[in-house]
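Everything below concerns the one structure shown next.
Protein chains: 6
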Amino acid sequence: MKKLMDYKVGETFELYLLIKQATTGVTTQGSSFMTLILQDKSGDLDAKLWDTTEKHVKLYPSGTIVKVGGDIHEYRGKNQMRIKSIRPVKEEEGISISDLVPSALKSKEVLFEELMQFFFEMENPNIQRITRHVLKKHEAEFKTYPAATRNHHDYVSGLIDHVVSMLKLGKSIADLYPSLNKDLLYAGIILHDVGKVIELSGPIGTQYTVEGNLIGHISIMVNEITRAADELEISGEEVMLLQHMVLSHHGKEEWGSPKRPMLKEAEMLHYIDNIDAKMNMLDRALGKTNPGEFSERIFPLDNRSFYKPSFE
Amino acid sequence: MKKLMDYKVGETFELYLLIKQATTGVTTQGSSFMTLILQDKSGDLDAKLWDTTEKHVKLYPSGTIVKVGGDIHEYRGKNQMRIKSIRPVKEEEGISISDLVPSALKSKEVLFEELMQFFFEMENPNIQRITRHVLKKHEAEFKTYPAATRNHHDYVSGLIDHVVSMLKLGKSIADLYPSLNKDLLYAGIILHDVGKVIELSGPIGTQYTVEGNLIGHISIMVNEITRAADELEISGEEVMLLQHMVLSHHGKEEWGSPKRPMLKEAEMLHYIDNIDAKMNMLDRALGKTNPGEFSERIFPLDNRSFYKPSFE
Amino acid sequence: MKKLMDYKVGETFELYLLIKQATTGVTTQGSSFMTLILQDKSGDLDAKLWDTTEKHVKLYPSGTIVKVGGDIHEYRGKNQMRIKSIRPVKEEEGISISDLVPSALKSKEVLFEELMQFFFEMENPNIQRITRHVLKKHEAEFKTYPAATRNHHDYVSGLIDHVVSMLKLGKSIADLYPSLNKDLLYAGIILHDVGKVIELSGPIGTQYTVEGNLIGHISIMVNEITRAADELEISGEEVMLLQHMVLSHHGKEEWGSPKRPMLKEAEMLHYIDNIDAKMNMLDRALGKTNPGEFSERIFPLDNRSFYKPSFE
Amino acid sequence: MKKLMDYKVGETFELYLLIKQATTGVTTQGSSFMTLILQDKSGDLDAKLWDTTEKHVKLYPSGTIVKVGGDIHEYRGKNQMRIKSIRPVKEEEGISISDLVPSALKSKEVLFEELMQFFFEMENPNIQRITRHVLKKHEAEFKTYPAATRNHHDYVSGLIDHVVSMLKLGKSIADLYPSLNKDLLYAGIILHDVGKVIELSGPIGTQYTVEGNLIGHISIMVNEITRAADELEISGEEVMLLQHMVLSHHGKEEWGSPKRPMLKEAEMLHYIDNIDAKMNMLDRALGKTNPGEFSERIFPLDNRSFYKPSFE
Amino acid sequence: MKKLMDYKVGETFELYLLIKQATTGVTTQGSSFMTLILQDKSGDLDAKLWDTTEKHVKLYPSGTIVKVGGDIHEYRGKNQMRIKSIRPVKEEEGISISDLVPSALKSKEVLFEELMQFFFEMENPNIQRITRHVLKKHEAEFKTYPAATRNHHDYVSGLIDHVVSMLKLGKSIADLYPSLNKDLLYAGIILHDVGKVIELSGPIGTQYTVEGNLIGHISIMVNEITRAADELEISGEEVMLLQHMVLSHHGKEEWGSPKRPMLKEAEMLHYIDNIDAKMNMLDRALGKTNPGEFSERIFPLDNRSFYKPSFE
Amino acid sequence: MKKLMDYKVGETFELYLLIKQATTGVTTQGSSFMTLILQDKSGDLDAKLWDTTEKHVKLYPSGTIVKVGGDIHEYRGKNQMRIKSIRPVKEEEGISISDLVPSALKSKEVLFEELMQFFFEMENPNIQRITRHVLKKHEAEFKTYPAATRNHHDYVSGLIDHVVSMLKLGKSIADLYPSLNKDLLYAGIILHDVGKVIELSGPIGTQYTVEGNLIGHISIMVNEITRAADELEISGEEVMLLQHMVLSHHGKEEWGSPKRPMLKEAEMLHYIDNIDAKMNMLDRALGKTNPGEFSERIFPLDNRSFYKPSFE
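What follows is the structure in structure tokens.
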């Protein structure tokens, strides 16, 4: 079925959409209007609702599912939609939010299954037990949260999707460089971003929490490892090394890591995180680019444009 | 009584000294020697012990108190001592290490007393209880550790000396800018460097521990606040804000703070820490400088030399 | 009495306001309009005046006091006012510009009185005489100028307000660190920004002068110290040290100081200036923030947002 | 058999060694001496030869194989050897330079065989033909040169060793991220450092050539691709993209790449190069480190020390 | 005759203009419009064409010459034109594109003549022959291309204009510093930007080509020198030095030069390029500035404004 | 006649030399020695004087002319001299310091004559009078001081030599770019470094003065222009512009200029200063380099080595 992003300029559509964000304004001539950001799984577009009243504001808060008819036009180089009809969805139409938000290609259950396999290759009981304990405590959120508010893996279950992809890459690298300790590497990959379930507000309409802003997912996770070790009555070098893996995974102080990597596995964790995040951004940007052309600029890749070769 | 640093080039001395560091070497001609760093409360100097044997190595490990006779000469612009006689101290001479290591001017008991007075100005029970709890747990080390391995307050009880001085400055500033919250500011000052008692090895011959290198005093302390809050069953914003005070007190990511200050009191904590540390370095460097001349370069002050005015 | 910034979106008002800035434009449809920035002591807002003619342009230049009726609406996340009636103020209404521009809380006379007290603690006659001489020469402007065109102390008498606040902080610090020379420190605080009275255009609608742009308040002030010393026939180290205090008070070359501080007092002057400026910005930003929320971003504080705790 | 680096301080040895570098000096007392750097496959050490004459200088130039007897001592924290006997090797002893210089673990023939397998996975004939052509032209040097003068893969056949290791890693990554074009990625890996065979002087005693200094291996290789395409009469996008892969493989302008990566495969080439080089440095540094201790500082890894866990 | 940039706000005009760029849009009310950038030799302005249809889009693509009547108004501080009449030019009106695009003051033939004179001062036959060969191959484009897409010498024949101006400056400098080698310096000046004829799309409506983006004019030119030397069968140091001159002319790696200058003449080439480019930007910006005022900000001069003295 | 730097390793010499610097030391075995830096016009070398007594220290302070016999040897890659005989020069030998210190090739009178010619091209009386006034006041020092303590023009009369060379370059540039104001440019060139006569201690054994360190030649000169204008009773824009020329001639804040250039002539002054200083360094370094080799590293040129072509 054709989705929002499949429509081109000038085409008309009739679709169920989720109001991602709703704000109100007043034209310079004095009449009220609303700006809506409407989305389905394929992406989102802006729209204006003109001459609105208090009734509209109550009917269409962010988070509402609506049925919208309209067409697509271009404004300042970006597509927008023009709303011709809009109404809240009816219960009997059976549309739920999960039908309209993007998510990982595999289900969270399948991803979690894949993740759990990696524990079989881990041998150090302390590392394994701490990792399992933290994971279990945050399992529900870990399976549904995105890995970020934007840029990469910023969709429902994006966090676990990112972690499983990193684990596969980690396994390849550890097979090629056998001096790497798989216990540390896998545990580091699994734990490094679990703090995001406290740093971020949730899987949809994701924002930073106050704790996320003031403490950050790295320090949150270091605390959680302390707690896990206390609860399991584990002490010793492994606890410290796991904390170091998490602490250093941003690679440099200026990127938010209070310590630079001082373990071989921590250095590799930083690379693996980078490669997986950047491949995700590149695939997304180049998916929207025609062969023989340059992509839009990708901000976290130093704002570079990437070229898509004209041959296969 | 005349101390080590009071002797000028050419003068002879006879002093009790502590071997701060001892290393062995071989001359290019093949004979063995030892390089000793010898100190008393006034400072330390290098010395060579020529034509040494295994016996010397066993007799003069670092940490030994010795009685040394010799004179002072200059080598590459720095004073050194030439040893003419050396022997281990005898027990009946009654010299202890604390007689030979520099320390805060006030006793640690007096300093602790002064520190405890600041609790009376604190009103928020959660902040007060967490701060007292952490302090109590590490009280012994907190009272004897230095604040750093070198540069500033790097002597026995330097840490508490630094903290009490910062509290006094903090009080002045809070009195001038009454919008500052004294609970947060005082607690932040007291807690910010307590992690040093785990980061550093001890009050004498201080080095970084493995945990200090891999985790660092900032993250160590954030963990300790989590533990204290768990043990006291305190939760809520105060815990998070105290953690933020500690996390951000280095001011910038590139200076090791995973978060920049986002509380007014955190911003001030960073300044107060800076002023007290730098006044300590400046007073020390200018104390060794003649009026009308420039001091030696001070590395942590961007390697600058400071001028000492020729008038009072 | 309710001031401009006290009105919320949707409320109507009738106020005397000062036209801070007036520009003209043409809509894409070809009709003329004016954009006015209107202010009272509480702050300023933008407004549009539609379908204007030459008559309006002459009637409402910047600097005019007007009586305006209208209401407040929001446009792109910022409040604006919608003008329903506007006319120039009548002389008999007795409103003067000083009623409508923000200023220091204390009167300039009181502030100057406070400042003069600090001379009693100064002992070095050369330093005192030069400082008094420069101050006397620029006294009138020094008492009314702002300390900056925006960001901190950017109101009438903001400069002297900033200097008096710094002197109080300087006194506290000098009392805690008695090795500081109060003559140098106080003179440095008093003189450091006097050059602003030439760098900036005046107390209202403040802009940089050509001399301000090409020479800057630091070099302007260094010249003034030379002149003062020549006129008083004072020579010697004090002149040079006062010049160094001014030259280095921005702390680093890249912040506009041709020399980094090389006097203990110059290092402290830089910190004191920083603390007072930043407390002013923080208090202002947090004054507009609700408890439990983050402030707007503060550009000169690395564009950070600050959190206002939800408890007192 | 015990090699040079296996001897500890105080032990005596009798070994065939290669003079890697020989310089002469005069003591402050006026007698001549030589400083030799002597190596075998395990590494190298410094030694002094005292009271030398012209005869010694002629007998022991760099590149000479010698039989040396002596012992190991420590000087300023680094091991040195003390020479007790030395003579040039005799032909009948049958020692050749390749017995004494470190080299890749696998033979160059085996490595080349492995490399050639990757061509089977390449499909684009233009890319394949250019890559083979360049490789064929420089095959002999490509098989014996090091990848660098120091830091990583700085041994005989280090270049091909590095490239084969990168190809294996590239294959793993391309299998995990199937949108990557294997033609571009493999060709980029093979070609990226071929220019080193002109930039560097040779497999032993490797230094930068004048052309290496003035032009650099990146531009040298871009020229070679132009030549290859001209000779094969291939034109079109593939030539340009291969040149871009080489041009951008250092990742940033400040690291010597005139263009940042603008192809997904170029971005990955940069990461793969980095991972393989850094794993090589880390394995080497940690190989010399005891469990529970920190390695020496590794300059190209931001001068960091790495910790070797005390558990397996 | 009065040109586009000579008209002030409020004046009406009737002019032949070139459509430099044409884009279409839709108003929020749903009607179509076009945004045109229209230019003559004096500069360019934006204009809107309201209520457009498909017919307008076909009639007015970029590159069309039109006769336009209208007037000038100001919008957000920038002049715009309001179109009152517009039609495509008729053939019999005899207007060609070259009448409407800015160009060098001297004709390209005169400039080329001036350039060729510099060969008479060159003595090294290898350097001369390579330089002539490259120049001959690209002569046509070299004579018409701009030196850049914007900022400096961004007009028809701007490249040769820039090069001739640099040659004159180079000659002055070489006369003052006779140790400079004129062969290298002149050849470097002539060749340094020839690669722009491949990097850029053409003399009008200039954009970067794909090859320009992925390879860049520096590496393009280094390749061309290789080709020229191969075709002329010249080898030896001169080829390498000419390549180094081109490679290093941006001065630093972060400015796109893979090598910093390592020849005296390369260092000077970088300065000469800079001076000529900056004088061009400064003259242009100050030409639009009134005496006693500051120019607009000039982005490539660190975004500085320059002051135009009020005296001659 | 053969000078100090003409002697190669192993050669013996007998020369009049100036003791540039003399320091005393003690060997680790306890005997005293002196380290002398000895120079003639060609350069300087280090030497040791062994087993010295108080008599030697009194006989050979820095500034003494001595007759020395000895030979040249190499120590750590640098030439040193071994003293075999040394005695103070006798008055009747008629050697003066000016015979032994390097100086400009032309006499200071000839250089001053050349400089004065440039005043004839200046037209603005205010600029001319201020420039002449400042120059006259410091004429004696201006004619003998070096331009720097090291790196470039660091010899007797180096300052005027540098200024005259810059004036010639400035004239060439102003002739090519006629929009440049010669009054400002020439005055800026003449005045920009006059402050060095206060910043530096004198023509021989040059060091920074206290005022040089604390105020710097830029601010010193800005003050002098103020004084000159006051004394000549000149006011107006020219005074400010001359001060801006001096203030901004280091180009950037981080290079010690409190303001970046905001005049076209100030921008050019910065370039002209740079070109002349760097040509001086390059000629000096390449003068010591063999064709086909790289020079020693030149610290102020980003520590680069420069290549000297093997052809003329």
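Chains as they are written, first to last, in the working numbering: chain H, 1 to 312; chain C, 313 to 624; chain L, 625 to 936; chain Y, 937 to 1248; chain R, 1249 to 1560; chain E, 1561 to 1872.
Idealized CB from N, CA, C, for every residue including glycine.
message: Taking the alpha carbon of Y/G979 as the reference point, which residue from Y/G946, Y/K938 and Y/T988 has its own alpha carbon closest?
response: Along the fourth sequence, one-based indexing puts residue 979 of chain Y at 43. When each option's Cα is compared against that of Y/G979, the closest is Y/K938.
field: Y/F969: first and last residue of the uninterrupted beta strand (DSSP E) it sits in
entry: To locate residue 969 of chain Y, count along the fourth sequence from 1; it is residue 33. Unbroken beta strand (DSSP E) run through Y/F969: S968 to D976.
- request: May I have the straight-line CA-CA distance separating R/I1446 from R/T1474, to the nearest angstrom?
  value: The residue labelled residue 1446 of chain R in the question sits at position 198 within the fifth sequence. The residue labelled residue 1474 of chain R in the question sits at position 226 within the fifth sequence. A straight line joining the alpha-carbon of R/I1446 with that of R/T1474 spans about 16 Å.
Inter-residue Cα distance where the pair is Y/E1201 and H/E141: Here residue 1201 of chain Y is taken as the residue at index 265 of the fourth sequence, counted from 1. Here residue 141 of chain H is taken as the residue at index 141 of the first sequence, counted from 1. Note on geometry: alpha-carbon atoms of Y/E1201 and H/E141 lie some 34 Å from one another.
- request: Report the residue from H/I160, H/D99, H/K8 and H/E92 whose alpha carbon sits nearest the alpha carbon of H/E139.
  value: As a position in the first sequence, residue 139 of chain H is number 139, starting the count at 1. Looking at the Cα atoms, H/I160 is the closest of the given residues.
- request: For H/M122, go through chain C and note every residue whose CB falls closer than 7 Å to its CB, in chain order.
  value: What you label residue 122 of chain H is simply residue 122 of the first sequence in a count that begins at 1. Neighbourhood of H/M122 in chain C, by CB distance below 7 Å: empty, with the nearest CB roughly 21 Å away.
query: Is the Cβ of R/V1458 closer than 8 Å to any Cβ of chain H?
result: The count along the fifth sequence starts at 1 and reaches residue 1458 of chain R at position 210. Answer yes: the Cβ-Cβ gap between R/V1458 and chain H drops below 8 Å somewhere.
- prompt: Looking at C-alpha atoms only, which residue of C/V422, C/I530 and C/T518 is the closest neighbour of C/Q333?
  reply: Translated into the one-based positions of the second sequence, residue 333 of chain C becomes position 21. In this structure, C/T518 is the residue among C/V422, C/I530 and C/T518 with its C-alpha nearest to the C-alpha of C/Q333.
task: Assess, as a yes-or-no matter, whether the segment 1527-1542 of chain R is touched by the segment 1455-1465 of chain R under the definition of 3 or more beta carbon pairs within less than 8 Å.
output: With a cut-off of 8 Å, the segment 1527-1542 of chain R and the segment 1455-1465 of chain R do not count as touching, because too few Cβ pairs lie within range.
message: I'd like the list of long-range same chain contacts for H/W50, defined as Cβ closer than 6 Å, with 5 residues on each side in sequence excluded.
response: Residue numbering aside, residue 50 of chain H sits at position 50 when the first sequence is read from its first letter. For H/W50, where only same-chain residues beyond five positions count, the Cβ hits under 6 Å are F33.
Residues in the segment 878-903 of chain L having any Cβ partner in chain C nearer than 8 Å: Taking 8 Å as the Cβ-Cβ cut-off, the segment 878-903 of chain L approaches chain C at R884, P885, M886, L887, K888, E891, M892, Y895, N898, I899, K902 and M903, given in chain order.
query: Per DSSP, what kind of secondary structure is L/K708 in: helix, strand or coil?
result: Residue numbering aside, residue 708 of chain L sits at position 84 when the third sequence is read from its first letter. Strand.
- prompt: Candidates L/H868, L/I797, L/A671 and L/E891: which alpha carbon is nearest L/I710's?
  reply: Working through the third sequence from its first residue, we reach residue 710 of chain L at position 86. When L/H868, L/I797, L/A671 and L/E891 are compared, the shortest CA-CA separation from L/I710 is found for L/A671.
query: In this structure, does DSSP put C/R572 in helix, strand or coil?
result: Within the second sequence, numbered from 1, the residue matching residue 572 of chain C stands at position 260. Looking at C/R572 - three-state DSSP - the assignment turns out to be coil, as it is neither helix nor strand.
message: Just list the residues that DSSP pairs Y/K984 with in beta bridges.
response: Counting from 1 along the fourth sequence, the entry for residue 984 of chain Y is found at position 48. By DSSP's assignment, Y/K984 forms a beta bridge with Y/T971 and Y/R1018.
query: Taking one C-beta from the segment 1233-1246 of chain Y and one from the segment 251-269 of chain H each time, how about it: are there three or more such pairs within less than 8 Å?
result: Taking one beta carbon from each stretch, the segment 1233-1246 of chain Y and the segment 251-269 of chain H have 3 or more pairs nearer than 8 Å; the two touch.
- prompt: How should E/L1695 be labelled, buried or exposed, when 16 other C-beta atoms within 10 angstroms of its C-beta is the threshold for buried?
  reply: The residue given as residue 1695 of chain E occupies position 135 in the sixth sequence. Flag for E/L1695 reads buried.
field: C/D425 versus C/Y498: straight-line alpha-carbon distance, rounded
entry: Residue numbering aside, residue 425 of chain C sits at position 113 when the second sequence is read from its first letter. Residue numbering aside, residue 498 of chain C sits at position 186 when the second sequence is read from its first letter. In the sequence as displayed, the identity of residue 425 of chain C is Glu instead of Asp. For C/E425 and C/Y498, the distance between alpha carbons rounds to 15 Å.
message: In this structure, how does DSSP classify L/S843 when only helix, strand and coil are distinguished?
response: Indexing the third sequence from 1 puts residue 843 of chain L at position 219. Under the three-state reduction of DSSP output, L/S843 falls in the helix class.
- request: Could you confirm whether any beta carbon from chain R is found closer than 8 Å to the beta carbon of H/E74?
  value: Translated into positions along the first sequence, residue 74 of chain H becomes position 74. Cβ-Cβ to chain R under 8 Å: yes for H/E74.
Cα-Cα separation between L/L865 and L/E745, rounded to whole angstroms: One-based indexing of the third sequence puts residue 865 of chain L at position 241. One-based indexing of the third sequence puts residue 745 of chain L at position 121. If I take the Cα positions, the gap works out to 18 Å.
- prompt: Under 8 Å Cβ-Cβ, which residues of chain H neighbour R/L1462?
  reply: The residue given as residue 1462 of chain R occupies position 214 in the fifth sequence. Those within 8 Å of R/L1462 in chain H are Y307.
field: Rounded straight-line distance, which links the Cα of R/L1293 to that of R/I1285
entry: Mapped onto the fifth sequence, residue 1285 of chain R falls at position 37. Mapped onto the fifth sequence, residue 1293 of chain R falls at position 45. One alpha carbon belongs to R/I1285, the other to R/L1293, and they sit about 6 Å apart.
query: Just the Cα atoms here: how many angstroms apart are C/P515 and C/L329?
result: Residue 515 of chain C sits at position 203 when you count from the first residue of the second sequence. Residue 329 of chain C sits at position 17 when you count from the first residue of the second sequence. Distance between C/P515 and C/L329, taken at the CA atoms: about 17 Å.
- prompt: Nearest chain E C-beta to L/V846 closer than 8 Å, yes or no?
  reply: For the purposes of this step, residue 846 of chain L is taken as residue 222 along the third sequence, with counting starting at 1. Yes, L/V846 counts as interfacial toward chain E.
- request: Identify each residue in the segment 1677-1702 of chain E for which the Cβ-Cβ distance to at least one residue of chain L is less than 8 Å, and report them in chain order.
  value: Considering only beta carbons, no part of the segment 1677-1702 of chain E lies closer than 8 Å to chain L.
field: Cβ-based burial, E/K1742 [other Cβ within 10 Å; buried from 16]
entry: Start at 1 with the first residue of the sixth sequence, and residue 1742 of chain E comes out as number 182. Result: buried.
message: Buried or exposed for E/P1869, going by 16 or more other Cβ atoms inside 10 Å?
response: Stepping through the sixth sequence from its first residue, residue 1869 of chain E is reached at position 309. So E/P1869 ends up on the buried side.
task: Please go through the same chain and pick out, in chain order, the residues whose beta-carbon is closer than 8 Å to the beta-carbon of Y/F1242, but skip the five residues on each side of it.
output: As a working note, residue 1242 of chain Y is residue 306 in the fourth sequence. Excluding sequence neighbours, Y/F1242 sits near L1218, A1221, L1222, T1225, F1230, S1231 and I1234.
- prompt: Is there a Cβ from chain A that is less than 8 Å from the Cβ of Y/I1170?
  reply: Protein chains in the displayed structure are H, C, L, Y, R and E, and chain A is not among them.
query: Residues in its own chain within less than 7 Å of E/K1756 by CB, not counting five upstream and five downstream?
result: Start at 1 with the first residue of the sixth sequence, and residue 1756 of chain E comes out as number 196. Apart from the 5 residues on each side of it in sequence, E/K1756 sits with its Cβ closer than 7 Å to the Cβ of Y1705, A1707, L1719 and H1777 in its chain, given in chain order.
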